[in-house]
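Chemist: In UniProt numbering, the protein residues as written are 1 to 734.
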């Protein structure tokens with residue numbers, strides 16, 4: 001089976017003639033076809049035969065003349081490394097360490113599995129911080145620093161803005177440079193961003209929530225100067241944006257250079273599995289962020305200070321900053337071993353020589369330019385590199401499909417917990433934990449399963465795109481679940497009148513005859529749930545005159561509430577602090593189909609990434625991933641949270657009022673939120689399906705004669721490389 005020539009001189013190989021890897025007999029070249037090609041390395045001509053060098057051929061070391069194929073089938077179990085010695089053309093150091101410090105114990109980690117472990121830890125920390133902690137604490141940050149949803153959406157998008165700024169530079173120069181050093185410094189920068197994100201907690205004053213206990217129940221002292229309620233803390237959003245900017249800069253090498261570094265150092269068929277494990281860690285990171293972040297939100301933000309509020313109170317702000325301190329410190333530590341890895345792992349060159357090209361074939365043949373070993377090493381080649389990718393229609397439509405998926409993923413990951421919080425009347429910590437339970441099996445399992453399916457069925461590029469199309473259509477059908485929604489819990493003066501009638505014109509009316517004498521303030525929001533199953537804006541608005549503590553759960557119970565219907569139960573006329581519990585019967589169905597949407601969305605992620613790597617030439621892989629991430633983030637990651645934030649703001653029923661100024665949203669209209677989510681989901685899923693269909697139709701694989709080797713053969717490292725025929729000139733350029 002013929003294989004393409006390798007002309008990558010930087011790997012120490014330059015095949016002057018076609019190779020035939022038929023194993024010779026132990027006694028010479030007569031029993032099999034001779035391996036007559038020579039390999040140029042460090043200026044020497046190395047024989048690839050039965051180990052006998054031709055006369056006069058210089059050899060840098062005796063080990064260079066080892067046989068490429070084992071002399072007999074009985075020795076097939078011998079590792080390939082013992083039969084081949086690789087010599088780098090640049091004489092580069094392949095040991096793991098820092099400078100001259102390369103202890104032998106570190107070399108145990110100088111393998112593809114060692115690299116995979118540290119990169120998985122880095123991607124786990126990145127996912128836990130950027131897509132976990134930040135999305136979990138977004139509601140708490142809005143309350144603590146008086147932000148609106150579109151402002152918090154801008155904070156989330158700052159990560160993608162930074163990535164777009166850095167991607168071209170990092171992927172182009174890092175792709176031809178020392179990838180582990182770029183990766184290590186990126187992870188270190190990411191850790192600094194996490195520490196900066198937590199900084200506002202230590203530079204602002206203490207959080208002073210205006211709870212009902214401070215202001216008083218009906219008849220109490222309700223006065224509080226506006227100067228104490230007004231706040232200028234919203235300016236801290238720029239600090240959060242800067243922290244996110246550092247996160248984006250640091251993570252840029254991780255998902256471009258990290259992926260190609262793994263792909264270059266493992267067998268072709270194992271590459272999807274390694275990348276799937278890497279991305280699974282990146283998916284499990286957000287899941288852990290939701291779960292751990294939800295636990296931290298049950299701790300009051302001012303640790304060591306007592307408060308009369310419970311986590312169920314909508315004014316409660318949890319310890320949102322703890323996770324960022326831990327993740328920042330861990331990122332600084334994990335960057336150290338990553339910085340110690342060599343530019344290439346020992347023995348990785350054999351995987352490069354066995355690789356079969358599946359690059360999309362351009363009609364004008366310009367894709368052959370990328371096969372030049374000197375291509376892409378200078379800035380002069382940057383415009384040509386961009387032009388080659390832009391002419392690759394399959395690559396372009398895969399990028400557009402990724403952008404549509406990224407829009408939904410970015411929007412739902414940012415505001416998914418808020419969606420659950422509103423639909424099911426949960427606290428912020430409960431919603432974050434719930435969302436984490438969805439993401440762990442659906443997102444993590446779907447990511448790993450996608451890579452497993454590519455490897456299991458040994459799919460080629462066209463088959464991988466068809467798998468992506470199948471997954472997108474499946475998630476498109478499941479997204480119709482957003483036709484249904486859970487109704488809002490009835491709230492007096494917000495969703496209905498105090499007497500149960502419809503609110504005229506949808507305008508708020510928090511004053512009724514039962515609380516007219518209480519002098520309640522609208523900027524004091526502390527919801528309570530009456531024994532009549534109706535929520536009230538505050539104990540004062542419920543007309544409650546006394547308070548006690550429930551010994552069973554520690555919640556405050558307000559009594560003598562004149563607005564609460566007393567005709568239902570003997571123990572009526574009372575209200576308990578916090579929201580009313582939702583008894584929505586559609587909850588299991590909604591969660592089940594949300595699981596399906598998440599599963600199939602992430603199931604296509606690794607196949608789509610693998611298709612991107614295979615539809616471009618080997619030397620453009622890092623740069624292609626960089627360009628793809630620019631497209632995905634510009635069209636998806638950046639506008640996604642901002643668009644979803646603005647959409648969610650439109651469904652707001654009750655805004656925070658700080659002396660006439662609008663703050664964050666207290667209550668959303670569930671039907672409007674579901675409707676907007678459905679429209680957005682349908683639009684982007686239909687676009688994604690269309691782009692995958694076009695990419696599949698336009699893909700033009702290499703001719704059969706230029707890529708006849710099977711992936712199975714390259715996996716065991718003993719595939720036959722038959723002699724190239726002179727009549728097939730296209731082979732020399734692939």
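Glycine included, every Cβ here is placed at the ideal spot set by N, Cα and C.
Since this is a predicted model, take the numbers as computed values, not measurements.
Based on Cα-Cα distance, which residue from 441, 311, 244 and 307 lies nearest to residue 285?
Modeler: Here residue 285 is taken as the residue at index 285 of the chain shown, counted from 1. Per the Cα distances, 441.
Chemist: What whole-angstrom Cβ distance do residue 629 and residue 256 have, given they're in contact under 8 Å?
Modeler: As a working note, residue 629 is residue 629 in the chain shown. As a working note, residue 256 is residue 256 in the chain shown. At roughly 6 Å, the Cβ-Cβ gap stays under 8 Å, so residue 629 and residue 256 are in contact.
Chemist: Closer than 6 Å by C-beta to residue 316: which residues in its own chain qualify, once you throw out the five before and the five after it? Chain order, please.
Modeler: Stepping through the chain shown from its first residue, residue 316 is reached at position 316. Around residue 316: 309.
Chemist: Can you give me the Cβ contacts of residue 599 inside the same chain, cut-off strictly under 6 Å, excluding the 5 residues immediately before and after it?
Modeler: Stepping through the chain shown from its first residue, residue 599 is reached at position 599. Within the same chain, residue 599 has close Cβ partners 442 and 446.
Chemist: My understanding is that residue 464 touches residue 607, with C-beta atoms under 8 Å, so please give their C-beta distance in whole angstroms.
Modeler: Walking along the chain shown from the start, residue 464 turns up at place 464. Walking along the chain shown from the start, residue 607 turns up at place 607. Yes, residue 464 and residue 607 are in contact; Cβ-Cβ is about 5 Å, under 8 Å.
Chemist: Quick check on DSSP: helix, strand or coil for residue 535?
Modeler: Here residue 535 refers to the residue found at position 535 when the chain shown is read from its first residue. Three-state result, residue 535: strand.
Chemist: Quickly, what does DSSP pair residue 654 with across the bridge? List them, please.
Modeler: In the chain shown, counting from the first residue as 1, residue 654 sits at position 654. BP columns for residue 654 point to 667.
Chemist: Helix, strand or coil: how does DSSP classify residue 751 here?
Modeler: In the structure displayed, the chain extends from 1 to 734; residue 751 sits before or after that span and is not available.
Chemist: Run through the DSSP bridge pairs and tell me what residue 101 is partnered with.
Modeler: For the purposes of this step, residue 101 is taken as residue 101 along the chain shown, with counting starting at 1. Partner(s): 98.
Chemist: Could you please give the first and the last residue of the uninterrupted beta strand (DSSP E) stretch that includes residue 428?
Modeler: Position 428 of the chain shown holds residue 428. Looking at the DSSP string, residue 428 is not in any beta strand (DSSP E); the run it does join, the alpha helix (DSSP H), is 428 to 439.
Chemist: Between residue 382 and residue 172, how many whole angstroms is the CB-CB distance? I'm expecting something under 8 Å.
Modeler: Against the chain shown, residue 382 aligns to sequence position 382. Against the chain shown, residue 172 aligns to sequence position 172. With a Cβ gap of about 6 Å, residue 382 and residue 172 count as contacting.
Chemist: Starting from residue 596, trace the alpha helix (DSSP H) both ways and give me its first and last residue.
Modeler: Stepping through the chain shown from its first residue, residue 596 is reached at position 596. Note, residue 596: alpha helix (DSSP H), 587 to 603.
Chemist: Within a Cβ cutoff of 7 Å, which residues of the same chain sit near residue 635, ignoring the five residues on either side of it in sequence?
Modeler: Here residue 635 refers to the residue found at position 635 when the chain shown is read from its first residue. Cβ neighbours of residue 635 beyond the five flanking positions: 403.
Chemist: Tell me the DSSP secondary structure of residue 804 in three-state form.
Modeler: Outside the displayed span of the chain (1 to 734) sits residue 804, for which this structure offers no information.
Chemist: Just to confirm my understanding: we take residue 56, look at its own chain, exclude 5 residues before and 5 after, and list those with CB closer than 8 Å. What are they?
Modeler: Translated into positions along the chain shown, residue 56 becomes position 56. The predicted position of residue 56 is uncertain, since its pLDDT is 42 and thus under 50; a value taken from the coordinates is nonetheless stated next. So no residue of the chain qualifies.
Chemist: Report buried or exposed for residue 77, applying the criterion of at least 16 other Cβ atoms within 10 angstroms of its Cβ.
Modeler: Within the chain shown, residue 77 is the residue found at index 77, counting from 1. The pLDDT assigned to residue 77 is 40, lower than 50, so where the model puts this residue is not dependable; a value taken from the coordinates is nonetheless given after this. Exposed, because fewer than 16 other Cβ atoms sit within 10 Å of the Cβ of residue 77.
Chemist: Between the Cα of residue 602 and those of 520, 150, 280 and 166, spot the shortest distance and give me the residue it belongs to.
Modeler: For this step, residue 602 is matched to residue 602 along the chain shown. Nearest C-alpha to residue 602: 280.
Chemist: With DSSP run on the structure shown, which of helix, strand or coil describes residue 319?
Modeler: Counting from one through the chain shown, the residue named residue 319 turns up at place 319. Note: residue 319 maps to coil in three-state DSSP.
Chemist: For residue 487, count neighbouring C-beta atoms within 10 Å of its own C-beta (all shown protein chains included) and say buried if the count is 16 or more, exposed if not.
Modeler: Within the chain shown, the letter at position 487 stands for residue 487. So residue 487 ends up on the exposed side.
Chemist: For the candidate residues 175, 540 and 652, whose alpha-carbon lies nearest to that of residue 264?
Modeler: Locating residue 264 in the chain shown gives position 264, counting from the first residue. When each option's Cα is compared against that of residue 264, the closest is 175.
Chemist: Rounded to a whole number of angstroms, what is the C-alpha to C-alpha distance between residue 343 and residue 177?
Modeler: Position 343 of the chain shown holds residue 343. Position 177 of the chain shown holds residue 177. The alpha-carbon atoms of residue 343 and residue 177 are separated by roughly 8 Å.
Chemist: Can you tell which of 200, 475 and 485 has the C-alpha that lies nearest to the C-alpha of residue 585?
Modeler: Within the chain shown, the letter at position 585 stands for residue 585. Considering only alpha carbons, the answer is 485.
Chemist: So, at 6 Å on beta carbons, what are the nonlocal neighbours of residue 559 in its own chain, with the 5 sequence-adjacent residues on each side left out?
Modeler: The sequence position of residue 559 within the chain shown is 559, counting from 1. Closer than 6 Å at Cβ, skipping near neighbours: 546 and 574.
Chemist: What span of residues does the beta strand (DSSP E) with residue 558 cover, start to end?
Modeler: Working through the chain shown from its first residue, we reach residue 558 at position 558. Where residue 558 is concerned, the enclosing beta strand (DSSP E) stretches over 556 to 559.
Chemist: List the endpoints of the continuous beta strand (DSSP E) containing residue 385.
Modeler: Residue numbering aside, residue 385 sits at position 385 when the chain shown is read from its first letter. Taken as a continuous stretch (DSSP letters only), residue 385 belongs to no beta strand (DSSP E), being part of the alpha helix (DSSP H) at 382 to 390.
Chemist: Is the number of C-beta pairs between the region 395 to 402 and the region 609 to 616 that are closer than 8 Å three or more?
Modeler: Touching, per the Cβ criterion.
Chemist: What is the DSSP secondary structure of residue 255, counted as helix, strand or coil?
Modeler: Position 255 of the chain shown holds residue 255. The answer is coil: DSSP assigns residue 255 none of H, G, I, E or B.
Chemist: Could you give the DSSP three-state label for residue 214: helix, strand or coil?
Modeler: Stepping through the chain shown from its first residue, residue 214 is reached at position 214. Low confidence applies to residue 214: its pLDDT is 48, below 50, so where it sits in the model is not reliable enough to give any reading.
Chemist: Thinking just about the alpha-carbon of each residue, which of 461, 291 and 183 is nearest to the one in residue 247?
Modeler: Numbered from 1 along the chain shown, position 247 holds the residue referred to as residue 247. Measuring from the Cα of residue 247, the nearest candidate turns out to be 183.
Chemist: So if DSSP puts residue 547 in a beta bridge, which residue, or which two residues, is it bridged to?
Modeler: Walking along the chain shown from the start, residue 547 turns up at place 547. Partner(s): 558.
Chemist: Let me check one thing: in DSSP terms, what residues is residue 662 bridge-paired to?
Modeler: For this step, residue 662 is matched to residue 662 along the chain shown. The partner list for residue 662 (beta bridge, DSSP) reads 657.
Chemist: Please state whether DSSP places residue 208 in a helix, a strand or coil.
Modeler: Within the chain shown, numbered from 1, the residue matching residue 208 stands at position 208. Reduced to three states, the DSSP call for residue 208 is coil.
Chemist: Going along the chain, which residues of its own chain have a beta-carbon closer than 8 Å to the beta-carbon of residue 166, five neighbours each way excluded?
Modeler: Position 166 of the chain shown, counted from the first residue, corresponds to residue 166. Contacts found: 248, 249 and 252.
Chemist: Going along the chain, which residues of its own chain have a beta-carbon closer than 7 Å to the beta-carbon of residue 694, five neighbours each way excluded?
Modeler: Mapped onto the chain shown, residue 694 falls at position 694. So the list reads 397, once near-sequence residues are dropped.
Chemist: Taking a contact to mean a Cβ-Cβ separation below 8 Å, would you say residue 157 touches residue 141 in this structure?
Modeler: The residue given as residue 157 occupies position 157 in the chain shown. The residue given as residue 141 occupies position 141 in the chain shown. No, Cβ-Cβ distance for residue 157 and residue 141 is not below 8 Å.
Chemist: Do residue 475 and residue 532 have their beta-carbon atoms positioned less than 8 Å apart in this structure?
Modeler: As a first step, residue 532 is located in the chain shown; it is residue number 532 there, counting from the start. As a first step, residue 475 is located in the chain shown; it is residue number 475 there, counting from the start. Contact: no.
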